[in-house]
Amino acid sequence: MDIDYAAIDAARERIREQHLHARRPESSARGLHHFALICSDVERTITFYQDLLEFPLTEIFENRDYKGSNHFFFDIGNGNLLAFFDLPGLDLSEYQEVLGGLHHIAISVERGKWEKLRGKLDDAGVPYQLESNASIYFRDPDGARLELLADPLGEMYGNKVM
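Going by my numbering, the first residue of the sequence shown is number 1, and it counts up by one from there.
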């Protein structure tokens, strides 16, 4: 497969010039309320996110849209939540990365916590990929890809992104 990298670079620069404003307008959003994923096992998901990753469970209740389904939330800092549904009785296939689907969720953690959580992943035998000594990529029990990023919010690999 031939990829024209020069054309991709030129398109990126054109998009940057056309759409990236020097004086960025204020966003209409207040922030991310929650990001919702589907899980196959509520207790396994709670054990992974609360016990291993140290994201406290904040609430669990019945999903208003699907009787018998749980809707539960984890605190991922800065007033943001990671939420899950289980959907009992649906024949869901395994996680897949597809066009328009989830690629990964990047969560910023302080460097000391990053080191601690990396050790916990090692101890738990969770395989991961280390990038730039600042990012750890791994999958949750249902296959969703996560990234623990040691960079501060608004930065990525030394670049200001916010």
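A virtual CB, placed ideally from N, CA and C, is assigned to each residue, including glycine. A quick note: this is a predicted structure, and the numbers were derived from the prediction, not measured.
Open item on the list: Distance check for residue 117 and residue 53, CA to CA, integer angstroms please.
Closed with: Numbered from its first residue, the sequence shown carries residue 53 at position 53. Numbered from its first residue, the sequence shown carries residue 117 at position 117. Between residue 53 and residue 117, the C-alpha separation is close to 6 Å.
Task: Any alpha helix (DSSP H) of 4 or more consecutive residues that is wholly inside the stretch 29-79 - done: 42-46
- [ ] Mind reading off the beta-carbon distance from residue 122 to residue 39? Whole number of angstroms is fine, and I expect it under 8 Å.
- [x] Position 122 of the sequence shown, counting from 1, holds the residue named residue 122. Position 39 of the sequence shown, counting from 1, holds the residue named residue 39. Not quite, the Cβ-Cβ distance comes to about 23 Å (not below 8 Å), so this is no contact.
Task: Straight-line gap, residue 147 to residue 89 (C-alpha atoms, nearest Å) - done: Within the sequence shown, residue 147 is the residue found at index 147, counting from 1. Within the sequence shown, residue 89 is the residue found at index 89, counting from 1. A straight line joining the alpha-carbon of residue 147 with that of residue 89 spans about 30 Å.
Open item on the list: Tell me which residue opens and which closes the beta strand (DSSP E) that residue 3 is part of.
Closed with: The residue given as residue 3 occupies position 3 in the sequence shown. Looking at the DSSP string, residue 3 is not in any beta strand (DSSP E), and its letter there is neither H nor E.
TODO: My understanding is that residue 137 touches residue 145, with C-beta atoms under 8 Å, so please give their C-beta distance in whole angstroms.
DONE: Looking up residue 137 in the sequence shown gives position 137. Looking up residue 145 in the sequence shown gives position 145. So it is a contact: roughly 6 Å between Cβ atoms.
Open item on the list: In whole angstroms, give me the CA-to-CA distance for residue 63 and residue 26.
Closed with: Mapped onto the sequence shown, residue 63 falls at position 63. Mapped onto the sequence shown, residue 26 falls at position 26. Taking the straight line joining both Cα atoms gives about 33 Å.
- [ ] Would you mind reading off the limits of the beta strand (DSSP E) that contains residue 148?
- [x] Position 148 of the sequence shown holds residue 148. Residues 145-149.
- [ ] Please report the residue range of the alpha helix (DSSP H) in which residue 20 lies.
- [x] Mapped onto the sequence shown, residue 20 falls at position 20. Counting along the chain, residue 20 falls outside any alpha helix (DSSP H), and DSSP gives it neither H nor E.
Open item on the list: Helix, strand or coil, according to DSSP, for residue 122 in the structure here?
Closed with: Locating residue 122 in the sequence shown gives position 122, counting from the first residue. It is helical.
- [ ] Note the first and the last residue of the continuous beta strand (DSSP E) segment covering residue 135.
- [x] By one-based count along the sequence shown, residue 135 stands at place 135. It spans 135-139 - the beta strand (DSSP E) in which residue 135 sits, taken as one unbroken run.
Open item on the list: Comparing C-alpha positions only, which one of 104, 60, 35 sits nearest to residue 46?
Closed with: What you label residue 46 is simply residue 46 of the sequence shown in a count that begins at 1. Per the Cα distances, 60.
Task: Minimum C-alpha distance to residue 33 - residue among 21, 4, 81 - done: Translated into the one-based positions of the sequence shown, residue 33 becomes position 33. Cα-wise, what sits closest to residue 33 is 81.
Task: Under the three-state DSSP convention, the category residue 26 falls into - done: Counting from 1 along the sequence shown, the entry for residue 26 is found at position 26. Three-state DSSP puts residue 26 in coil, outside helix and strand.
Open item on the list: Taking 8 Å as the threshold (C-beta atoms), are residue 149 and residue 108 in contact?
Closed with: By one-based count along the sequence shown, residue 108 stands at place 108. By one-based count along the sequence shown, residue 149 stands at place 149. Yes. Within cutoff.
Open item on the list: DSSP three-state label for residue 155, please.
Closed with: What you label residue 155 is simply residue 155 of the sequence shown in a count that begins at 1. It is a strand residue.
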